[in-house]
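Following: one structure in C-alpha cells, then a few remarks.
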Amino acid sequence: MTFALGIDSFQRENFIPATLNSFVAENVALITKMETDYLSDVFTAVHRGVRAGESVRSIAKTIEKRTDVSKSRARFIARDQIGKLNGQLTELRQTNLGIEKYTWRTSEDERVRPSHRAHNGRMYSWSDPPSGTGNPGDDFQCRCYAEPDFSSILSDV
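Under the numbering used here, the first residue of the sequence shown carries the number 29, and numbering increases by one thereafter.
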C-alpha cells in the first residue's frame with residue numbers, strides 16, 4: 029500500500045500484514061450470490077490489490093476477469109471490500125494508539141443512508157458500536173468514517 033508520497037504503510041505499520049489476511053477473508057465470506065469457487069479469486073484480487081496499492085477500479089477489473097460477475101457487480105464488490113477493509117484498519121490503528129471512542133462522520137451527500145445520517149456527529153465507543161450498522165465501514169457500501177476522539181490518550185499527558 030504505497031502512496032504518492034512513497035510511504036509504505038505495510039512497512040511502517042508492521043501489524044497490518046498480520047491482520048490483512050484475516051480481515052480480507054472475513055469480508056469475502058460476507059459476499060452472497062457468488063459461487064464458492066470464485067470467492068478465493070475475490071480474496072486473491074483484493075489481497076494482492078491492497079498490497080500493491082491498486083485502485084478500486086483496478087481491483088474490480090481483476091474480479092471481473094477472474095469471476096463470472098458483471099462489471100457493475102465487480103465494482104460493487106471491490107468498493108464494498110475496500111470500504112470494509114479501510115474501516116477495519118482505521119479501528120485497528122486507533123485502538124492500537126489507545127483511542128477508545130470516535131465521532132461518526134458521513135460523506136454528507138444525498139446517498140447517505142438515513143440510519144447513517146442519524147449517527148453523524150455522534151460519539152461511539154469502538155467496543156460498543158451502534159446496533160444495526162456497526163462501526164463506520166462495516167455496513168455494505170458504507171462511505172462513513174470514524175473521526176478519532178483523542179481524549180482517552182490526552183488525559184495521560
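Idealized CB from N, CA, C, for every residue including glycine.
Which residue spans inside the segment 127–169 form an unbroken beta strand (DSSP E) run of at least 3? If we require 3 residues or more, the beta strand (DSSP E) runs fully inside the segment 127–169 come out as 129–133 and 151–153.
Candidates Asp108, Glu128 and Ser68: which alpha carbon is nearest Ser180's? Comparing Cα positions, the closest option is Glu128.
Please classify Phe31 as buried or exposed, where buried requires at least 16 neighbouring CB atoms within 10 angstroms. Confidence at Phe31 is low in this model, with a pLDDT of 45, below 50, so the placement of that residue should be treated as unreliable; the coordinate-derived value is given next. Looking at its Cβ environment, which holds fewer than 16 other Cβ atoms inside 10 Å, Phe31 is exposed.
Let me know the secondary structure DSSP gives Glu41 once reduced to three states. Three-state DSSP puts Glu41 in coil, outside helix and strand.
Under 8 Å between C-beta atoms of Val70 and Thr95: Less than 8 Å separates the beta-carbon of Val70 from that of Thr95.
Roughly how many angstroms separate the alpha carbons of Lys93 and Leu67, rounded to a whole number? Looking at the two C-alpha atoms, the distance is approximately 13 Å.
Exposure label - Gln109; buried when at least 16 CB within 10 Å: Counting other Cβ atoms within 10 Å of its Cβ, Gln109 reaches 16 or more and is therefore classed as buried.
Kindly indicate which residue of Val52, Glu63, Thr64 and Thr60 has the alpha-carbon position closest to the one of Ala73. When Val52, Glu63, Thr64 and Thr60 are compared, the shortest CA-CA separation from Ala73 is found for Val52.
Top-ranked residue by Cα proximity to Cys170, from Asn42, Asp156, Thr90 and Ile105: With distances taken between Cα atoms, Cys170 lies closest to Ile105.
Is the Cβ-Cβ distance between Thr131 and His144 less than 8 Å? Between Thr131 and His144, the gap from beta carbon to beta carbon reaches 8 Å or more.
One question on the structure: do Met151 and Val97 come within less than 8 Å of each other, judged by their Cβ atoms? Cβ atoms of Met151 and Val97: not closer than 8 Å.
Are the CB atoms of Ala88 and Arg103 nearer to each other than 8 Å? Taking 8 Å as the cut-off, the beta carbon of Ala88 is found closer than this to the beta carbon of Arg103.
Among Cys172, Asn114 and Leu113, which residue has its Cα nearest to the Cα of Arg141? When C-alpha distances from Arg141 are compared across Cys172, Asn114 and Leu113, the shortest belongs to Cys172.
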